[in-house]
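J.:
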Amino acid sequence: MTGLPFPTVRGASPVPGGAAGSSPGTEGAPEGTVGLPDRFGRVARDLRVSVTDRCNLRCRYCMPAEGLPWLAKPEMLSDDELVRVVSVFVRLGVRQVRLTGGEPMLRRSLVDVVRRIAALEPRPRIAMTTNGVGLDRLAQPLADAGLDRVNVSLDTIDPQEFADLTRRDRLHDVEAGLKAAATAGLVPVKVNAVAMRGINDHSVTDLLQWCLDRGYELRFIEQMPLDAQHGWDASTMVSSQELHERLAERFRLTPLPREDRGSAPAERFLVDGGPATVGIIASVTAPFCAACDRTRLTADGQVRNCLFSQRETDLRGPMRDGASDDDLARLIQGEMWRKAPGHGIGTSDFVQPDRPMSAIGG
Ligand code: SAM
Ligand code: SF4
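Residues are numbered in the working numbering as their position in the sequence shown, beginning at 1, plus a constant of 27.
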């Protein structure tokens with residue numbers, strides 16, 4: 028892999044399944060496009076890669092109890108294909124790669140994939156979002172391979188609530204995983220939580236206290252319409268405002284100045300004067316689409332410019348039919364060029380995407 032800047036892509040040749048045209052907003056990005064801009068002035072720098080669609084938990088806001096029809100192995104990108112596509116993204120200006128899924132640690136080659144991404148130039152920051160089951164064994168090998176940061180999803184520290192919400196009795200594994208992440212130096216260890224009404228919404232202050240006691244940085248995220256059953260309902264979602272009110276009953280929350288947020292979506296608060304903080308991500312009620320710098324690659328090689336996008340651009344087919352890196356870059360640029368200004372949740376024409384969060388990569 029060279030450290031040379033990626034060449035400006037000029038009218039790449041048509042490739043199977045590709046978008047080689049150049050009319051803005053319809054097909055490809057205009058000729059001469061550099062990097063990953065869209066029509067609204069945003070530039071993608073943060074790539075979320077789903078390395079598998081499989082999972083060992085069944086969180087109610089994400090998956091049905093019986094699981095999903097998993098991708099067959101030949102449908103998934105191989106390690107070589109995955110690292111190649113990531114390298115094209117990196118040359119197009121991506122500076123952070125977040126590995127996710129499904130449960131990323133279920134991909135057997137994950138440590139090797141991390142090592143290979145860490146060898147790209149310029150080296151992107153490498154993060155992972157995980158449910159933490161098995162992290163006690165993998166935290167150190169992943170850190171040694173080049174993983175920089177980890178977000179562990181944990182919605183409650185009440186064993187019964189955890190089992191209700193994830194439909195699995197694995198709370199102890201997640202706790203062990205969090206400890207191992209801290210020991211491996213993947214700090215600050217971040218915890219992501221979703222509050223579900225009637226399941227864990229009454230214990231959010233206990234979760235915050237538990238994280239404060241252990242030095243983990245907690246962030247709540249509003250539940251989004253990305254469940255496999257399409258059962259989301261705005262009236263049952265626990266909003267960021269409601270979360271704030273619940274947390275404020277027990278803790279003194281001081282908002283951090285807005286400019287500290289940058290393009291990071293979490294509104295952060297000092298807890299009881301700090302230095303510990305808690306974040307609340309109002310992805311539904313106050314979306315951060317205008318500052319979004321994200322793009323996504325699914326486990327079967329589709330680029331999505333947004334979690335809520337209704338279409339994807341296939342890279343796997345063209346790649347297997349002999350597309351060059353320039354061809355792939357052009358396809359990726361075209362997908363980014365089509366990015367909508369916002370997700371539109373709550374508007375009359377909003378349509379929930381067919382794929383759930385676990386298949387897109389959260
Ligand atoms: N399995 C890993 C995990 O749970 O961290 C990675 C994949 S999971 C899809 C990534 C993140 O998406 C998790 O933090 C999870 O809580 C979140 N998530 C899943 N479905 C969601 C939904 N409907 N609304 C908001 N967040 C969701
Ligand atoms: Fe699995 Fe993560 Fe979805 Fe939970 S949120 S079911 S852990 S993919």
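Yeah, the Cβ is synthetic: ideal placement off N, Cα and C, and Gly gets one too.
With which residues is S180 paired in a DSSP beta bridge?
T.: N219
J.: Taking the C-alpha atoms as reference points, what is the distance between R69 and S351?
T.: 26 Å
J.: Would you mind reading off the limits of the alpha helix (DSSP H) that contains L165?
T.: L162 to A172
J.: For R194 versus C86, is the C-beta spacing smaller than 9 Å?
T.: yes
J.: May I ask which residues mark the beginning and end of the beta strand (DSSP E) holding E294?
T.: E294 to V298
J.: I need the residues with a C-beta less than 5 Å from some heavy atom of ligand 2; please give them in chain order.
T.: C82, L84, C86, C89, M90, N158 and S385
J.: Does any heavy atom of ligand 1 sit closer than 8 Å to the C-beta of Q123?
T.: Checking every heavy atom of ligand 1 against the Cβ of Q123, none is found closer than 8 Å.
J.: Between which residues of its own chain and L434 is the CB-CB distance below 7 Å, once the five residues before and five after are set aside?
T.: In the structure as shown, the chain starts at 28 and stops at 389, and residue 434 therefore has no counterpart that could be examined.
J.: Would you identify the three-state DSSP class for Q450, choosing helix, strand or coil?
T.: A query on residue 450 cannot be resolved here, the shown segment of the chain reaching from 28 to 389 and no further.
J.: So what's V70 in DSSP terms, helix, strand or just coil?
T.: strand
J.: Please classify L280: does DSSP put it in a helix, a strand, or coil?
T.: strand
J.: Determine whether the beta carbon atoms of L324 and L297 lie at a separation below 9 Å.
T.: no
J.: What are the boundary residues of the alpha helix (DSSP H) that L147 is part of?
T.: Segment: none, L147 is in no alpha helix (DSSP H) and carries neither H nor E.
J.: Could you check what DSSP says for F315 in three-state terms: helix, strand or coil?
T.: coil
J.: Indicate, with yes or no, if ligand 1 has a heavy atom lying under 8 Å from the CB of E269.
T.: no
J.: Please report the straight-line C-alpha distance between G159 and H229, rounded to a whole angstrom.
T.: Taking the CA atoms as reference points, G159 sits about 23 Å from H229.
J.: Ligand 1 and P252: does the residue's C-beta get closer than 8 Å to at least one heavy atom of that ligand?
T.: yes
J.: Would you say the beta carbon of V179 is closer than 8 Å to some non-hydrogen atom of ligand 1?
T.: yes
J.: Any idea what DSSP makes of A154, helix, strand or coil?
T.: strand
J.: Could you please give the first and the last residue of the uninterrupted alpha helix (DSSP H) stretch that includes T322?
T.: Premise fails: T322 lies in the beta strand (DSSP E), R321 to L324, not in any alpha helix (DSSP H).
J.: Tell me the DSSP secondary structure of F247 in three-state form.
T.: strand
J.: Suppose contacts are defined by Cβ-Cβ distances below 9 Å. Is L274 in contact with L283 by that definition?
T.: Taking 9 Å as the Cβ cut-off, L274 and L283 do not qualify as a contacting pair.
J.: Below 8 Å on the Cβ atoms is my contact criterion, and I expect A309 with E249 to pass it. Report the Cβ-Cβ distance as a whole number of Å.
T.: Taking C-beta atoms under 8 Å as the contact rule, A309 and E249 qualify, at a distance of about 6 Å.
J.: Work out the CA separation of A208 and E202 for me, nearest whole Å.
T.: 10 Å
J.: Looking at the structure shown, is Q379 part of a helix, part of a strand, or coil, going by DSSP?
T.: coil
J.: For L63, which three-state DSSP category applies?
T.: coil
J.: From N83 to P57, what does the alpha carbon distance come to, in whole angstroms?
T.: When the Cα atoms are used, N83 and P57 turn out to be separated by approximately 43 Å.
J.: Which residue wins for smallest C-alpha separation from V231, given the options G242, S262 and D182?
T.: D182
J.: Measuring only from the beta carbon, is P314 closer than 8 Å to any heavy atom that is part of ligand 1?
T.: no
J.: Helix, strand or coil: how does DSSP classify T210 here?
T.: Three-state DSSP puts T210 in a helix.
J.: With DSSP as the reference, label D327 as helix, strand or coil.
T.: coil
J.: Could you check the C-alpha separation between D196 and F67 for me, to the nearest Å?
T.: 45 Å
J.: Which residues bound the beta strand (DSSP E) around Q337?
T.: No beta strand (DSSP E) contains Q337, which DSSP labels as neither H nor E.
J.: Is the closest heavy atom of ligand 1 to the C-beta of V221 under 8 Å?
T.: Yes, ligand 1 has a heavy atom inside 8 Å of this Cβ.
J.: Any idea what DSSP makes of R142, helix, strand or coil?
T.: helix
J.: Pull up the DSSP beta-bridge partners for V110, would you.
T.: Its beta-bridge partners do not exist; DSSP assigns none.
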